[in-house]
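For reference, the structure discussed in these notes is given below.
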Amino acid sequence: MSEKLLERVREVARLWGPSGREQRVHDALKAQIAPFVDEVRTDGFGNLLAVRKGREGGRRVLLSAHMDTPGAIALNVTDKGLIYLAPVGGLKVHHAVGQRVVWGSGAAGVLQYEHVEEPKDLSFRKLFCDIGAATKEEALERVSLGDMCTLAGTVEAWGDLVVGPGLDNRLGCAVLLEVAERLGSGPHTVIFAFTAQGEVAPRGAAVAAFGAEPDVAVLVDSAVSGDQPGVRQVATRLGGGPALRLKDSGFMAHHGLAAQIAAAAEAGGIPLQRCVSPTGSEGWTVTPVGPGVPTAVIDIPVRYPGTGGEMADLRDARAAAELLLHFLGLPLNLA
Numbered sequence: 051m052s053e054k055l056l057e058r059v060r061e062v063a064r065l066w067g068p069s070g071r072e073q074r075v076h077d078a079l080k081a082q083i084a085p086f087v088d089e090v091r092t093d094g095f096g097n098l099l100a101v102r103k104g105r106e107g108g109r110r111v112l113l114s115a116h117m118d119t120p121g122a123i124a125l126n127v128t129d130k131g132l133i134y135l136a137p138v139g140g141l142k143v144h145h146a147v148g149q150r151v152v153w154g155s156g157a158a159g160v161l162q163y164e165h166v167e168e169p170k171d172l173s174f175r176k177l178f179c180d181i182g183a184a185t186k187e188e189a190l191e192r193v194s195l196g197d198m199c200t201l202a203g204t205v206e207a208w209g210d211l212v213v214g215p216g217l218d219n220r221l222g223c224a225v226l227l228e229v230a231e232r233l234g235s236g237p238h239t240v241i242f243a244f245t246a247q248g249e250v251a252p253r254g255a256a257v258a259a260f261g262a263e264p265d266v267a268v269l270v271d272s273a274v275s276g277d278q279p280g281v282r283q284v285a286t287r288l289g290g291g292p293a294l295r296l297k298d299s300g301f302m303a304h305h306g307l308a309a310q311i312a313a314a315a316e317a318g319g320i321p322l323q324r325c326v327s328p329t330g331s332e333g334w335t336v337t338p339v340g341p342g343v344p345t346a347v348i349d350i351p352v353r354y355p356g357t358g359g360e361m362a363d364l365r366d367a368r369a370a371a372e373l374l375l376h377f378l379g380l381p382l383n384l385a
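Each residue of the sequence shown is one higher than the last, beginning at 51 in our numbering.
Next comes the structure, spelled out in structure tokens:
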């Protein structure tokens, strides 16, 4: 196990940064990647772009990972100091009940729900956050309306496994940092994009692609693993390597680019899974940018995504970094 990669995952996963409030994550990633690139900038959407220049005649390659996590936003506060919420991104109410959260203000709380007769009656309208306040005024001193919370907790290492909140998609961010540090000089100009609001439209990757004008784009994301009970339509498993997403609800991988990624995996002796995902990705937003961008998505399998106990295999993340490094050494002729 790469201790450095583990520490990277822990460092970025602990950062507070729900969709639209990614500044703390942005600043931490900027400080970490700056020594390994030639240029760092922020676009008008809040995406962080870091450029490593290649040689003349090389391609422009966008490597992208969204840096936000799902959360909830404060809508109303009762006279007893309980905060009612709306979801931001992919936070599901059945995952949220009983979870501890942290607010942007630093306040801590626990998510609970009004009494319901049947589990099917549970909805976000009945979910609230208790921060230990006795009155509305006391609660509003610590949490303002419009403030956001995310699931709290730290990432633990269980052998090769990592467990905790925020792995989707801080794993992808850690992989991009690993690639940036190890890339060295290469034929292609690589634009590393840590994108905003990946959990909510998504929009950030499209804005990054518009500004980067890449010849090809590879998005690194996390996706539900097929070895999670009840997920029968996905064939991936933890420890089987990163997965090449061939299709999802709105995206089709570019055939030539997918073939080059598969060739890079074979040449490097890197295990590569294939998947068709029932959920979406940012791939569909990048493909039609400008004249069109050949796009691929590399998934890191995760069990129990969107919960406080997401589980992934660090070997899959490390293999994703190795795969990207081998891929960036290819001539990238997609004709």
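Yeah, the Cβ is synthetic: ideal placement off N, Cα and C, and Gly gets one too.
Rounded separation between residue i and residue j - CA only
| i | j | result |
| --- | --- | --- |
| D93 | A259 | 11 Å |
| L233 | K54 | 16 Å |
| T245 | V336 | 12 Å |
| G214 | A157 | 20 Å |
| L161 | G319 | 45 Å |
| L98 | V240 | 13 Å |
| M51 | L364 | Its pLDDT being 45, under 50, M51 is placed unreliably by the model, and the measurement read from it follows with that caveat. Each residue's alpha carbon lies about 7 Å from the other. |
| D77 | M198 | 19 Å |
| G356 | H238 | 35 Å |
| A100 | W334 | 22 Å |
| E372 | G154 | 35 Å |
| Q82 | A63 | 14 Å |
Classification of residue i by the beta-carbon crowding that lies within 10 angstroms, buried from 16 upward
| i | result |
| --- | --- |
| Q149 | buried |
| V151 | buried |
| S235 | exposed |
| L227 | buried |
| H144 | exposed |
| T119 | buried |
| R295 | buried |
| W208 | exposed |
| T128 | exposed |
| N126 | exposed |
Assumed close pair residue i, residue j - CB separation to whole angstroms, cut-off 8 Å
| i | j | result |
| --- | --- | --- |
| V250 | V138 | 7 Å |
| E231 | F86 | 5 Å |
| F174 | L135 | 7 Å |
| A313 | H116 | Not quite, the Cβ-Cβ distance comes to about 27 Å (not below 8 Å), so this is no contact. |
| R368 | M361 | That pair is no contact at about 16 Å. |
Enclosing alpha helix (DSSP H) for residue i [first to last residue]
| i | result |
| --- | --- |
| A136 | Element bounds for A136: not the alpha helix (DSSP H) but the beta strand (DSSP E), 132 to 138. |
| R109 | Neither: R109 is in no alpha helix (DSSP H) and is coded neither H nor E. |
| N219 | 217 to 232 |
| A260 | Strictly speaking, residue 260 in this sequence is Phe, with Ala absent from that position. That run of the alpha helix (DSSP H) goes 254 to 262. |
| D180 | Per DSSP, D180 belongs to no alpha helix (DSSP H); it is in the beta strand (DSSP E), 177 to 180. |
| D271 | Run containing D271: none in the alpha helix (DSSP H); it sits in the beta strand (DSSP E), 266 to 274. |
| Q278 | Note, Q278: premise wrong, no alpha helix (DSSP H); not H, not E. |
| R105 | Neither: R105 is in no alpha helix (DSSP H) and is coded neither H nor E. |
| L307 | 305 to 318 |
| R287 | Looking at the DSSP string, R287 is not in any alpha helix (DSSP H), and its letter there is neither H nor E. |
| V143 | 143 to 146 |
Where the beta strand (DSSP E) containing residue i begins and where it ends
| i | result |
| --- | --- |
| L294 | 293 to 297 |
| R58 | Segment 53 to 63 is the alpha helix (DSSP H) holding R58; no beta strand (DSSP E) there. |
| E72 | Segment: none, E72 is in no beta strand (DSSP E) and carries neither H nor E. |
| G214 | 211 to 214 |
| L161 | 158 to 163 |
| L190 | Note, L190: premise wrong, no beta strand (DSSP E); alpha helix (DSSP H) at 186 to 192. |
At what residue ranges does the region 334 to 383 contain a whole run of the alpha helix (DSSP H), taking only runs of 4 or more? 364 to 377
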